[in-house]
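Structure, as structure tokens:
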Amino acid sequence: MKAATYRILVMGVSGSGKSHVGRLLAGRLGIDFIDGDDHHSPASVDKMANGIPLDDADRSEWLETLAGFFADYRRRGASVVIACSALKRRYRDTLRGGDDGLAILFLEGDRERLRQRLGSRKEHFFRGDAMLDSQLGDLEPPGRDEAVVVDINQPPAQIVDAFLGDLEER
């Protein structure tokens with residue numbers, strides 16, 4: 002019997018814990034992890050570091066790159082977890098273009114908790130209330146028909162457990 006393969010998107014606004022939860026999830030499954038932040042263009046990183054929110058045009062090539070990773074893993078029959086904000090439905094549709102069976106974990110949190118988390122970061126290019134407000138303004142939260150929705154106030158290990166429980170039920 003062939004082992005199950007998964008292509009998983011961990012999404013949410015900055016500060017939601019995508020990278021941390023994504024790494025935990027990939028570790029539990031014994032699969033690869035890709036942090037979408039590592040694939041922004043230098044121009045986009047510079048914009049964000051200067052407190053300038055990205056727009057659809059800035060995100061387009063980045064999303065196509067990540068969709069290409071999903072497509073490559075699908076072609077190879079391999080599993081991967083990718084962390085990416087995927088704020089809008091059309092962004093998630095672009096990512097699903099790489100794998101229409103994409104499983105999505107949405108890390109949901111309130112503004113104050115997200116702001117607190119962002120304030121504790123020291124070495125990240127994403128900074129400022131305006132940036133967070135921009136992401137929250139752009140966010141089109143996925144429904145439970147599109148994603149597993151988990152509150153970020155839970156410990157990361159519990160978030161992973163909840164998602165894996167849902168994944169097994171599919």
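Numbering (our numbering), first residue to last: 2 to 171.
Even for Gly, the Cβ is constructed at its ideal location relative to N, Cα and C.
Predicted, not measured: the structure shown is a model, and the values here were computed from it.
The beta carbon of D100 sits closer than 6 Å to those of R8, F71, R75, all from its chain and outside the five residues before and after it, given in chain order.
Only residues of its own chain outside the window of five on either side were considered, and among them R8, L10, F71, L96, R97 have a CB closer than 7 Å to the CB of L103, listed in chain order. Linking R171 to A87 through their CA atoms gives a straight-line distance of about 22 Å. Spanning the alpha carbons of L168 and G52 requires a straight line of approximately 37 Å. The bridge partners DSSP lists for I9 are V82, A104.
Per DSSP, the beta bridge partners of I35 are I83. Ranking Q136, G166, D59 by CA distance to the CA of H41 puts D59 first. Contact annotation, I35 with I83: C-beta distance approximately 5 Å; criterion of less than 8 Å satisfied.
For A79 and A27, the gap between their C-alpha atoms comes out near 12 Å. In this structure, E147 is the residue among I32, G23, E147 with its C-alpha nearest to the C-alpha of R90. For the options D73, G23, D47, G18, the alpha carbon positioned closest to that of L165 is the one of G23.
The alpha-carbon of D130 is positioned some 35 Å away from that of L30. Secondary structure note for V149: its beta strand (DSSP E) is the uninterrupted segment 149–152. For H21, the enclosing alpha helix (DSSP H) begins and ends at 19–30. When beta bridges are read from the DSSP output, E109 appears opposite D152. Under the criterion of beta carbons closer than 8 Å, L119 and G13 do not qualify as touching, at roughly 12 Å.
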